Amino acid sequence: MMTHFSPRRRAFLQAAALLGAAGVTGAARTQPSLREYTLAPAPAKVALVGDPYPPTDLWTFDGRAPGPELRVRQGERLRIVVTNGLPQETTVHWHGVRVPHAMDGVPHLTQPPIGPGGRFVYEFDAVDAGTYWYHPHSASYEQVARGLFGALIVEERERVAVDRDVTWVLSDWRLTREAQLRTDFRQMFDVAHAGRLGNTVTVNGVVADSFDVRAGERVRLRLVNTAVARIFGLRFDGHVPVVVAYDGQPVTPHPPADGRVVLGPGERVDLVIDMSATPGARFAVTDDFYPRNAYRLLDLAYGREPALRDRPPAPFLKLPDNLLAEPDLDRAVTHEIVLAGGAMGGMGMGGGMGPGGMQGMMARGMVWMINGHAVAESDHGHAPLFTLARNQSCVMRFVNDTAWHHPMHLHGHFFRVLSRNGVPTRHREWRDTVLLAPRERAEVALVADNPGDWMLHCHVLDHQAGGMMGTIRVA
Ligand code: C2O
Ligand code: CU
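Using our numbering, you'd call the opening residue of the sequence shown number 2 and step up by one each time.
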């Protein structure tokens, strides 16, 4: 695994995390709360793998992958002018950000697609602090796989007590031996199995060897999984990372279960790590989510400078909560959301196969269903899975009746994860994406406080394209 390109001695581009403000215009000066950006999706060559390989032909935001890190403060307003330089229509979705419906970037559902040469202006408030990201929602199985994604960071109103605040955008690419992208998108095999797994993982757009740290420092590490299918399970040798947020939302600080930080596609985890080893030390960060394909992601490389402090700082306190409405479980309506289909999944058990029957669906690559329905991106008028009255509390009971993992993402809202397989979760964490293991059940709860029709879909983007999507109406 990671056979093609694995980490070599190469300086790691920390700069990617620091130069976030590209594209800020003068408007920010005249109207302090408005942050104006431009994003230009277009083809570009990017040095993903580095010498001696040629640059890789990608689709990028502003010529880079990941696109520029947008970094604002909670309460600020963003205006992002998107000009489409791609040969396809596109949109931009602000994953996890509670935007008004018209700004959510779902083609035909919340806006007309932006045609080649077209332009669209997004404008919304950064209501919640946290780690978010952006990506197209138009043929995303292809557009995200080609390199269209970037981080969106909303800083807390008050300074958080860490020495450094760093983002690692984790991505997975399917490359040829010549470091070119394989353009075999939406292969039936990938769609019906784990999705389009790649062979080259990058951190902030490079095959990195190391990440430089200083002894004694406390780092906030924002992990973003932008891969179209790969699940990460990161272990930090010699360190005890503390999880402080999931999907941007603060959680009681705790070490990850089994010492491993798991991120399904679309998910984010904020860690606080005390660099407690000695100057000159080196520790591997490994990914063993798929145990037979474990690999070293990079090393934490301690510089020679003396330690920043002699004793570890006090335990990290919980980040300030965002103002999310608390679901009222006594009055909540419950909706079951059954995931079915895929390889080894007993397709055909659920009925409701749609036009053309099962054969026709298979031929169109529609092999996944939510509550018996497979929805294609082109099915614009499909009925919502269910409707919620505004401000109604709702429990969604996910049942993964398949042999595969599915990171299920809801737009426009956060939900609390209440239980998994009937066992209450320890932290009742807020999330916008819940990763369901094969055959797993999970209960989540939310308040439907954002009106509109909102996508609910698997963030394995080949699964989404293969039918695993639907909408929820908040009337
Ligand atoms: Cu990150 Cu519907 O998407
Ligand atoms: Cu899935």
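Heads up, the beta-carbon is just placed ideally off N, CA and C, and yes, glycines get one too.
Every value quoted in this text rests on a predicted model; they were computed, and no experiment measured them.
Burial state of G423 is exposed, judged by a 10 Å Cβ sphere holding fewer than 16 other Cβ atoms. Around the beta carbon of D454, 16 or more other beta carbons sit within 10 angstroms, so the residue counts as buried. In the three-state reduction of the DSSP assignment, S211 falls in the strand class. Excluding its 5 nearest sequence neighbours in each direction, N392 has C-beta neighbours in its own chain below 8 Å: A326, V448, A449, D450, listed in chain order.
Linking S420 to E156 through their CA atoms gives a straight-line distance of about 29 Å. Listed in chain order, the alpha helix (DSSP H) runs fully inside the stretch 182-208 are 189-193, counting runs of at least 4 residues.
Inclusion of G131 and A228 in the CB contact set at 8 Å is not warranted, their separation being larger than that value.
For a cut-off of 8 Å, the C-beta gap from F150 to H136 is around 4 Å, short enough to register as a contact.
Between L79 and Y38, the CB-CB gap stays under 8 Å. Assigned with DSSP and collapsed to three states, Q465 falls in helix.
Between R310 and G217, the alpha-carbon positions lie close to 5 Å from each other. Per DSSP, reduced to three states, the secondary structure at A152 is strand.
Here E444 is bridged, per DSSP, to R398, S420. The count of Cβ pairs closer than 8 Å, one atom from the stretch 186-194 and one from the stretch 55-70, stays below three, leaving the stretches out of contact. For the set V83, F6, V400, the Cα lying nearest the Cα of A48 is the one of F6. 8 Å or more divides the Cβ of A344 from the Cβ of M362.
Contact check between the stretch 162-173 and the stretch 103-118: fewer than three CB pairs, one atom from each, fall below 8 Å, which does not count as touching.
The distance from the Cβ of D58 to that of P44 is about 7 Å, consistent with a contact at the 8 Å cut-off.
Sorted by position in the chain, H407, C459, V461, H464 make up the residues whose C-beta lies under 5 Å from a heavy atom of ligand 2.
Distances taken from the Cβ of H138 to the heavy atoms of ligand 1 include one shorter than 7 Å. Taking C-beta separations shorter than 7 Å and ignoring five residues to either side along the sequence, the partners of P439 in its chain run N401, T403, A404, W405, H406, following chain order. A distance below 8 Å separates the beta carbons of N205 and V170.
For the pair of segments examined, the stretch 382-397 was found to touch the stretch 331-343: the number of CB pairs separated by less than 8 Å reaches three. The alpha carbon of D288 has as its nearest neighbour, out of H255, P321, F233, D275, the alpha carbon of F233. A302 is bridged by DSSP to D213, R283. When distances are taken from the beta-carbon of H102 to the heavy atoms of ligand 1, even the shortest one reaches 7 Å or more. Distance from L272 to P242 at the Cβ level is roughly 4 Å; contact confirmed, criterion being Cβ atoms closer than 8 Å. The Cβ-Cβ distance between A446 and F399 does not fall below 8 Å. The beta carbon of Q112 is closer than 6 Å to none in its chain, skipping five residues each way along the sequence. With 16 or more neighbouring CB atoms inside 10 Å of its own CB, A127 falls in the buried class. In the assembly as shown, H414 is a buried residue. Its beta-carbon has 16 or more other beta-carbons within 10 Å. Residue side-chain check: G471 keeps its Cβ at 7 Å or more from all non-hydrogen atoms of ligand 1. Measuring C-alpha to C-alpha distances from V207 to each of D173, F186, H240, R187 identifies D173 as the nearest. In this structure, P251 places its C-beta atom within 8 Å of the C-beta atom of P321.
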